[in-house]
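S.K.: Numbering-wise (this note's numbering), the sequence shown opens with residue 31 and increments by one. Ideal Cβ positions, reconstructed from N, Cα and C, are used throughout, including at glycine. This is the structure I want to talk about, given as structure tokens.
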Amino acid sequence: MTDSKRTVTLIKGDGIGPEVADAVVRILAAAGAKIDWEVCEAGAEVFRRGLSSGVPAETIASIERTRVALKGPLETPVGFGEKSANVTLRKLFELYGNVRPTREIPGVQGVFAGRRIDLVVVRENVEDLYTGIEHMQTPGVAQCLKVISRKGCEKIVRLAFELARAEGRKRVHCATKANIMKMTEGLLKRTFEAIAPEYAGIEAEHIIIDNCAHQLVRYPEQFDVIVTTNMNGDIISDLTSGLTGGLGLAPSANIGNDVAMFEAVHGSAPTIAGKDLANPTALLLSACMMLRHIGQFAPADTIENAVVYTIELGKTLTCDLIAQEFAVTTSRFTQAVIENFGRRPDGWVAREHRPIRLPQVERRPDMVRPASRRVVGLDVFLESGEMPHAIGPALEALVEGTPVAMRSLANRGVQVYPLRGRTPDCVDAYRARFLLRDGGELSDSAALELLQRVGAKFRWAHVEKLQEFDGAPAFAKDQGED
Ligand code: NAD
């Protein structure tokens with residue numbers, strides 16, 4: 031343990047936040063953690079004062095300074111602010127890795143009790159469908175862009191393997207939907223497969239995310255570390271916290287290049303707020319992750335052992351773990367944990383933790399340079415209430431005598447012209463695909479001319495260049511396209 035004190039930003043948060051945060055501060059002090067807390071605000075009160083981000087500048091400055099934060103749950107009160115303060119913090123400090131451990135605590139009843147579940151979900155936290163890039167293509171058709179980068183994949187995959195190494199874990203699964211989304215989800219799979227050989231001694235396996243969900247509720251004990259994309263991770267990490275006793279026990283870390291924020295998975299639990307009823311374990315275990323992050327391993331081990339011992343003993347449990355009439359208050363539970371310092375639970379051995387080597391990341395854009403590239407065509411997204419057999423020939427006529435041919439027309443990803451089988455149920459957003467007739471490269475001026483021709487007859491909403499990198503098409507085929 032380091033001798034010097036470390037300053038940490040503390041955001042107590044809303045609802046049960048202040049109660050559980052006070053319990054955690056008390057327990058950390060009793061365990062000898064060397065921390066100076068810098069208490070800052072965020073959440074409901076801040077929104078009500080009219081700050082639409084929910085996070086004041088002083089809080090941001092504090093985290094910039096301390097680089098480490100412990101955060102209680104934050105509410106976005108209805109009618110105030112448009113964005114969640116949690117998301118603001120995550121984006122502001124680019125906390126790209128959401129780490130959610132799930133470990134069975136002996137004594138906690140549940141369907142999976144006795145199965146020795148001990149796994150960590152490492153969820154990419156800033157890319158994917160969460161970049162917030164959404165458009166209405168037409169008044170009746172919405173789209174959301176799924177953005178996945180090689181840089182983002184590399185960071186999250188390395189974080190997963192480094193975490194496995196630091197905690198002595200033996201296996202990393204990469205869970206994706208690469209069978210359907212070959213470019214986006216496939217990028218995580220390919221990056222995982224490229225990096226895995228650097229981590230000799232750690233087994234690396236790809237699993238399709240739906241099978242992963244199935245396996246998690248059938249044989250959860252087979253998993254050790256699961257790395258996955260944002261949306262998949264959002265869902266399966268909630269599933270995994272449900273496997274071992276629920277929200278009162280589930281901790282998490284949000285890791286960035288130079289800032290880390292630790293928080294319980296649960297929300298502000300407004301119905302039990304202010305009643306001294308909440309279970310502080312989730313925030314306490316998050317604080318243990320934080321202590322290890324800043325190199326204070328000894329108090330983390332003392333606290334983890336004591337809290338697990340207290341729960342295993344089963345005499346002082348909060349209302350989420352036992353019937354109300356037998357439950358104790360947050361304060362009593364806190365006292366019990368402190369009294370149990372030095373004890374070790376029977377059915378649980380603390381993991382050996384080593385410092386995690388965080389991936390070193392350059393801020394500048396990461397250029398992936400193919401040996402060759404060319405633009406081979408254009409996808410034009412247009413609005414029309416006509417049927418495909420009317421639109422297709424009209425588009426063909428528009429590009430007659432030009433270097434591009436109308437290759438196909440698709441509606442929600444299904445080729446509808448030339449027709450292959452039955453005409454599906456159509457909506458008013460079509461995608462017309464134009465490809466160069468005889469090789470070469472489609473220049474920007476030819477692309478603009480094509481757009482003008484289409485625009486003379488149709489309302490277009492969006493265009494996408496069709497490219498080839500290293501001779502391979504960098505765009506997906508339509509369902510039904512050869
Ligand atoms: P919640 O997690 O607050 O509550 C769900 C259920 O779990 C409730 O029955 C609650 O009483 C119980 N519970 C949660 N934590 C507990 C604890 N520590 N001890 C005992 N029981 C506990 O979820 P919700 O009701 O959907 O959300 C309430 C508010 O919290 C919303 O405003 C939501 O936006 C916010 N929220 C914030 C975060 C965060 O800051 N990271 C996460 C989730 C929800």
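Does the structure place the region 37–49 close enough to the region 92–110 that three or more beta carbon pairs sit under 8 Å?
M.R.: yes
S.K.: Helix, strand or coil for D52 per DSSP?
M.R.: Walking along the sequence shown from the start, residue 52 turns up at place 22. Under the three-state reduction of DSSP, D52 is assigned to helix.
S.K.: Flag E413 as yes when its Cβ comes closer than 7 Å to any non-hydrogen atom of the ligand HEM, and as no otherwise.
M.R.: As for the ligand HEM, it is missing from this structure, which binds only the ligand NAD.
S.K.: Leaving out five residues before and five after G286 in sequence, what residues of the same chain have Cβ atoms less than 7 Å from its Cβ?
M.R.: As a working mapping, residue 286 is identified with position 256 in the sequence shown. Closer than 7 Å at Cβ, skipping near neighbours: F123, E124, L125 and Y126.
S.K.: How big is the Cα-Cα spacing for G43 and A72?
M.R.: Numbered from 1 along the sequence shown, position 13 holds the residue referred to as residue 43. Numbered from 1 along the sequence shown, position 42 holds the residue referred to as residue 72. Going by the C-alpha atoms only, they are around 6 Å apart.
S.K.: Output the distance between the C-alpha atoms of I41 and H296, rounded to the nearest integer angstrom.
M.R.: Here residue 41 refers to the residue found at position 11 when the sequence shown is read from its first residue. Here residue 296 refers to the residue found at position 266 when the sequence shown is read from its first residue. Taking the straight line joining both Cα atoms gives about 15 Å.
S.K.: Can you check which of these residues, T259, R374 and G443, is closest to T340 by C-alpha distance?
M.R.: Position 310 of the sequence shown, counted from the first residue, corresponds to residue 340. Out of T259, R374 and G443, R374 has the C-alpha closest to the C-alpha of T340.
S.K.: By DSSP's criteria, E532 is part of a beta bridge. Which residues make up the other side?
M.R.: Not covered by the structure: residue 532. The range shown for the chain is 31 to 512.
S.K.: Cβ of S83 versus every heavy atom of the ligand NAD: is any distance shorter than 7 Å?
M.R.: Along the sequence shown, read from residue 1 onward, the residue named residue 83 stands at position 53. It does not: the Cβ of S83 is nowhere closer than 7 Å to a heavy atom of the ligand NAD.
S.K.: I want to check one thing, is the minimum distance from the CB of D240 to the heavy atoms of the ligand NAD below 7 Å?
M.R.: Looking up residue 240 in the sequence shown gives position 210. No.
S.K.: Just checking, does the region 246–257 make contact with the region 203–221 on the three C-beta pairs under 8 Å criterion?
M.R.: yes
S.K.: From I239 to S271, what does the alpha carbon distance come to, in whole angstroms?
M.R.: Position 209 of the sequence shown, counted from the first residue, corresponds to residue 239. Position 241 of the sequence shown, counted from the first residue, corresponds to residue 271. Using only the alpha carbons, I get a separation of about 17 Å.
S.K.: Given 8 Å as the limit, is there contact between the region 399–415 and the region 477–484, that is, 3 or more CB pairs closer than that?
M.R.: yes
S.K.: Considering only DSSP beta bridges, list what S361 is partnered with.
M.R.: As a first step, residue 361 is located in the sequence shown; it is residue number 331 there, counting from the start. S361 is not bridged to any residue.
S.K.: At 4 residues or longer, and completely inside the region 192–263: list those alpha helix (DSSP H) runs for me, N to C.
M.R.: 214–225 and 239–248
S.K.: CB of E105 to nearest heavy atom of the ligand NAD: below 7 Å?
M.R.: Within the sequence shown, the letter at position 75 stands for residue 105. Indeed, a heavy atom of the ligand NAD lies less than 7 Å from the Cβ.
S.K.: Roughly how many angstroms separate the alpha carbons of R322 and C349, rounded to a whole number?
M.R.: Taking the sequence shown and counting its residues from 1, the one referred to as residue 322 is at position 292. Taking the sequence shown and counting its residues from 1, the one referred to as residue 349 is at position 319. Those two C-alpha atoms are separated by around 29 Å.
S.K.: Which of the three DSSP states, helix, strand or coil, is assigned to V379?
M.R.: Position 349 of the sequence shown, counted from the first residue, corresponds to residue 379. V379 falls in the coil class under three-state DSSP.
S.K.: Of the residues V338, T259 and P400, which one's Cα is nearest the Cα of C183?
M.R.: Locating residue 183 in the sequence shown gives position 153, counting from the first residue. The option with the nearest alpha carbon to C183 is T259.
S.K.: Tell me where the beta strand (DSSP E) around V405 begins and ends.
M.R.: Position 375 of the sequence shown, counted from the start, is the residue given in the question as residue 405. Start and end: R403 to E413.
S.K.: Between S316 and V129, which are expected to be in contact by the criterion C-beta below 8 Å, what is the C-beta distance as a whole number of angstroms?
M.R.: Working through the sequence shown from its first residue, we reach residue 316 at position 286. Working through the sequence shown from its first residue, we reach residue 129 at position 99. Not a contact, Cβ separation roughly 10 Å.
S.K.: Can you tell me where the beta strand (DSSP E) with T168 in it begins and where it stops?
M.R.: The residue labelled residue 168 in the question sits at position 138 within the sequence shown. Counting along the chain, the beta strand (DSSP E) containing T168 begins and ends at E164 to T168.
S.K.: Exposed or buried, which one is T453 when buried takes at least 16 other CB atoms within 10 Å?
M.R.: Taking the first residue of the sequence shown as 1, we reach residue 453 at position 423. That one is exposed.
S.K.: Given a cut-off of 8 Å, decide if V391 and R97 are closer than it, judged by their beta-carbon atoms.
M.R.: Counting from one through the sequence shown, the residue named residue 97 turns up at place 67. Counting from one through the sequence shown, the residue named residue 391 turns up at place 361. No. Outside cutoff.
S.K.: Taking buried to mean at least 16 other C-beta atoms within 10 Å of its own C-beta, is E430 buried or exposed?
M.R.: As a first step, residue 430 must be located in the sequence shown, where it is residue number 400. So E430 ends up on the exposed side.
S.K.: Within 10 angstroms of its Cβ, does I178 collect 16 or more other Cβ (buried), or is it exposed?
M.R.: Here residue 178 refers to the residue found at position 148 when the sequence shown is read from its first residue. Classification for I178: buried.
S.K.: Check whether the region 452–468 touches the region 370–384, taking contact to mean three or more Cβ pairs, one atom from each stretch, closer than 8 Å.
M.R.: no
S.K.: Between E75 and the ligand NAD, is the CB less than 7 Å from at least one heavy atom?
M.R.: On the sequence shown, position 45 is the one that residue 75 refers to. False, no ligand heavy atom lies under 7 Å from that Cβ.
S.K.: Which same chain residues, not among the five before or five after T529, have their C-beta less than 7 Å away from its C-beta?
M.R.: In the structure as shown, the chain starts at 31 and stops at 512, and residue 529 therefore has no counterpart that could be examined.
S.K.: Where does P329 land, buried or exposed, given buried means 16+ other C-beta within 10 angstroms?
M.R.: Working through the sequence shown from its first residue, we reach residue 329 at position 299. So P329 counts as buried.
S.K.: What is the rounded straight-line gap between the Cα of R394 and the Cα of L104?
M.R.: Translated into positions along the sequence shown, residue 394 becomes position 364. Translated into positions along the sequence shown, residue 104 becomes position 74. Distance from the CA atom of R394 to the CA atom of L104, rounded to whole angstroms, is 32 Å.
S.K.: So, helix, strand or coil for K495, using DSSP?
M.R.: Position 465 of the sequence shown, counting from 1, holds the residue named residue 495. Three-state DSSP puts K495 in a strand.
S.K.: Measuring straight from C-alpha to C-alpha, what distance separates G501 and L189?
M.R.: Residue mapping note: residue 501 aligns to position 471 of the sequence shown, counting from 1. Residue mapping note: residue 189 aligns to position 159 of the sequence shown, counting from 1. If you take the alpha carbons of G501 and L189, they lie about 32 Å apart.
S.K.: Determine the contact status of L149 and F292, defining contact as a CB-CB distance below 8 Å.
M.R.: Residue numbering aside, residue 149 sits at position 119 when the sequence shown is read from its first letter. Residue numbering aside, residue 292 sits at position 262 when the sequence shown is read from its first letter. Not in contact: L149 and F292 (Cβ atoms no closer than 8 Å).
S.K.: Out of curiosity, what's the CA-to-CA distance linking G415 and R146?
M.R.: Within the sequence shown, numbered from 1, the residue matching residue 415 stands at position 385. Within the sequence shown, numbered from 1, the residue matching residue 146 stands at position 116. The alpha-carbon separation between G415 and R146 amounts to approximately 57 Å.
S.K.: Look at the alpha carbon of F356 and the alpha carbon of L313, and state the distance between them as a whole number of angstroms.
M.R.: Translated into positions along the sequence shown, residue 356 becomes position 326. Translated into positions along the sequence shown, residue 313 becomes position 283. Whole-angstrom Cα-Cα distance: 22 Å.
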